[in-house]
Amino acid sequence: SAPPAALLELVKSFSDAIVYSDASNVNTNRKLWNNYSKEWTENTHFVQRMKDNLPAEEADSPQENMLLGDEWSTRADLLEVFEAFFTPYLSSSTVALEVGSGGGRVANIVAPKVSKLTCCDISSEMLLRAEKALTPQHTNISFNLLPHAKLANIDDSSLDFAYAFDVFPHVDLHTIRDYILEFKRVLREGGVALIHT
């Protein structure tokens with residue numbers, strides 16, 4: 015017998031959030047992050063729940079120009095990681111690339127330290143949000159939508175620094191391998207890849 019109409023309507027109402035088993039990891043993540051970006055505001059219930067996990071002084075203090083992703087860690091923690099793992103490889107002549115730029119929270123810190131930064135993401139909605147947030151103050155950033163785990167429009171041996179920060183925990187092993195091979199392709203000899211998992 016057919017499922018009850020109410021059940022079918024319920025399933026249909028969740029269709030944007032359902033992860034289909036026949037979709038690739040890239041397509042599944044694109045769908046999820048596009049939806050996250052569309053629904054994100056500083057006051058959205060899921061953002062508030064994540065901010066509740068931050069230390070009270072940071073969760074309670076309003077952040078001017080909050081970027082999507084700022085709810086995932088304190089600013090101090092992010093800057094500590096940045097100083098330890100990014101700063102040694104950045105200079106005013108560095109040509110850099112970020113995979114999984116999201117709303118631009120890491121790119122916002124990298125951009126002033128480098129000559130050029132290319133922000134890449136599989137989510138068009140995330141890239142639009144990052145572009146809107148970052149281009150008013152950073153003229154050295156370009157944005158590149160990735161249809162799959164290939165760094166389209168990035169020349170071989172053209173970068174000094176490539177990174178993926180807090181991206182690969184969301185990505186399957188085969189897609190991680192594809193990105194690592196792409197990093198190898200686009201980095202100059204002596205270039206550095208930073209992969210945070």
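Counting in our numbering, the sequence shown runs from 15 upward without gaps.
No residue lacks a Cβ here, since even glycine has one placed at the ideal position from N, Cα and C.
Here T189 is buried. Its C-beta has 16 or more other C-beta atoms within 10 Å.
Inter-residue distance for N154 and D66 is about 34 Å (C-alpha atoms, whole angstroms).
Note on geometry: alpha-carbon atoms of M140 and G114 lie some 9 Å from one another. Less than 9 Å separates the beta-carbon of D174 from that of S107. With respect to Y177, V120 sits close: the two C-beta atoms are nearer than 9 Å. With a cutoff of 9 Å on beta-carbon distance, D135 and W47 are scored as near each other. The beta carbon of V128 sits closer than 6 Å to those of L104, T108, A110, all from its chain and outside the five residues before and after it, given in chain order. As DSSP reads the structure, Y103 sits in no beta bridge. Separation of N122 and G204 (C-alpha to C-alpha, rounded to the nearest whole angstrom) is 25 Å. Runs of the beta strand (DSSP E) lying entirely within the stretch 114 to 155 and spanning at least 3 residues, in chain order: 130 to 135.
T132 sits buried, since 16 or more C-beta atoms from the chains shown fall within 10 Å of its C-beta.
The C-beta distance from E112 to V124 rounds to 7 Å, short enough to fall under 8 Å. Listed in chain order, the non-local C-beta contacts of F99 below 7 Å within the same chain comprise L208, local neighbours out to five positions each way being set aside. With 16 or more other CB atoms across the displayed protein chains lying within 10 angstroms of its CB, N43 is buried.
Assignment of V181 by DSSP, reduced to helix, strand and coil, places it in the coil class. Taking the CA atoms as reference points, E196 sits about 18 Å from S137. Assigned with DSSP and collapsed to three states, N49 falls in helix. In the three-state DSSP reduction, L187 falls in the helix class (H, G or I). Per the C-alpha coordinates, the member of I194, D192, T211, H162 positioned closest to V40 is H162.
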